[in-house]
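Contents: one structure, followed by commentary.
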Amino acid sequence: MSASFLNASQNQQRSSLWEPGRDSPNQKPIDQQMGALYEKWNPTTTQTVFKTYFYNKVDQSHVPFYAPGPAEDPREWEEAVRNKPGSAFIPAYATGFKGIGERLLMQKAVLAQFNARLHEINSNLDAILSRHDLETSVRAVNARRKHVVLRQRCLALASKVQVLRNRGYALDTDEDELKSKLEQLDRGMADPALSARTEELWSRLILLRGHSDTLRNELNARGGDTGEGIPEEAEQKAKKLLEYYDKQLQELKKTVDRVKDDYEEWEKERNPDPKGSKS
Numbered sequence: 001m002s003a004s005f006l007n008a009s010q011n012q013q014r015s016s017l018w019e020p021g022r023d024s025p026n027q028k029p030i031d032q033q034m035g036a037l038y039e040k041w042n043p044t045t046t047q048t049v050f051k052t053y054f055y056n057k058v059d060q061s062h063v064p065f066y067a068p069g070p071a072e073d074p075r076e077w078e079e080a081v082r083n084k085p086g087s088a089f090i091p092a093y094a095t096g097f098k099g100i101g102e103r104l105l106m107q108k109a110v111l112a113q114f115n116a117r118l119h120e121i122n123s124n125l126d127a128i129l130s131r132h133d134l135e136t137s138v139r140a141v142n143a144r145r146k147h148v149v150l151r152q153r154c155l156a157l158a159s160k161v162q163v164l165r166n167r168g169y170a171l172d173t174d175e176d177e178l179k180s181k182l183e184q185l186d187r188g189m190a191d192p193a194l195s196a197r198t199e200e201l202w203s204r205l206i207l208l209r210g211h212s213d214t215l216r217n218e219l220n221a222r223g224g225d226t227g228e229g230i231p232e233e234a235e236q237k238a239k240k241l242l243e244y245y246d247k248q249l250q251e252l253k254k255t256v257d258r259v260k261d262d263y264e265e266w267e268k269e270r271n272p273d274p275k276g277s278k279s
């Protein structure tokens, strides 16, 4: 009885061992399974699962012209299009370590370009600040000093005019026009809005420089995590702000020059050239 039990257990063990050609009808042969596994993890085949989609930002009007490549699955492409982060993005197909490495190199190159643009913006801001310190601020101080002198002369002239009026002397048309012009110039130079506007432009320029430094530091900290870089809208906005600030500084310079010309004209009318009077 023990011998028969031993034979039965040995037969059961033999039946449980794997033998070639004894696969179940629901299993593929081992060589086919190995081939399918190789194709799934080989990035050069169409059946690979070692793939992903990145996203590139393009002009929104060009988005409809993009389509999946010959090695891409149209259904996966459509799914990537549905999952894109914005309307101006298109999927970018990458497979294997080589594709990911190429993507990282491209992001690094784009990041270097935007860093160069940030350095250029910062250099322009430094040039504007230096020009303000060396030219604009010096001219503003000289203009204030000349304005004080002009104001004192105008007050002296006004006092003399008042004395003449009290004595019964009437002012002619040229004197009335000169008086009105001097009063208008005095009101314009004493207007607090002019100095407030200058201070506002200066503070905005400082804030813009700080924003540029912060943005450059954020890009350096993020490294190659994203390939989006600085939006074109932000770059154009910064450029417009710089042009606007420069325009306001030029307007301020024109105002000071105009006051100076008016004063010189008034001086010529007050003190005519003796040579011209002799001739």
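Residue numbers are given in the UniProt record's numbering: position 201 of the sequence shown equals residue 201, and the series is strictly consecutive.
Backbone N, C-alpha and C define an ideal beta-carbon position, used for all residues, glycine too.
Computed from a predicted structure; not experimentally measured.
Residue(s) in a DSSP beta bridge with residue i
| i | result |
| --- | --- |
| N217 | DSSP, once it has assigned bridges, lists no residue as partnering N217. |
| A94 | T52 |
| A57 | According to the sequence as given, residue 57 is Lys; it is not Ala. Its beta-bridge partners are F89. |
Closest residue to residue i among the options (Cα-Cα distance)
| i | options | result |
| --- | --- | --- |
| W77 | L125, L37, A92 | A92 |
| G101 | F54, S137, V138, D73 | F54 |
| D213 | T52, N42, I121, Y38 | I121 |
| L208 | N124, S195, D261, R258 | N124 |
| residue 288 | D133, D176, L185, L129 | Missing from the structure shown is residue 288; the chain here goes from 1 to 279 and no further. |
Proximity of residue i and residue j at Cβ, strictly below 7 Å
| i | j | result |
| --- | --- | --- |
| R103 | A109 | no |
| R258 | L118 | no |
| K57 | A88 | yes |
| L182 | C154 | yes |
| E39 | Q32 | no |
Buried versus exposed call for residue i [16 or more other C-beta atoms within 10 Å across all chains shown]
| i | result |
| --- | --- |
| I90 | buried |
| V49 | exposed |
| T136 | buried |
| A143 | buried |
| A80 | buried |
| L105 | exposed |
| V256 | buried |
| S277 | Confidence at S277 is low in this model, with a pLDDT of 44, below 50, so the placement of that residue is unreliable and no value is reported for it. |
| L134 | exposed |
| L205 | buried |
| L150 | buried |
| L164 | exposed |
query = What are the uninterrupted segments assigned as beta strand (DSSP E) that are 3 or more residues long and contained completely in the UniProt domain "Nucleoporin Nup54 alpha-helical" (69-205), given in chain order?
reply = Fully contained in the UniProt domain "Nucleoporin Nup54 alpha-helical" (69-205) are the following beta strand (DSSP E) runs of length 3 or more, in chain order: 89-95.
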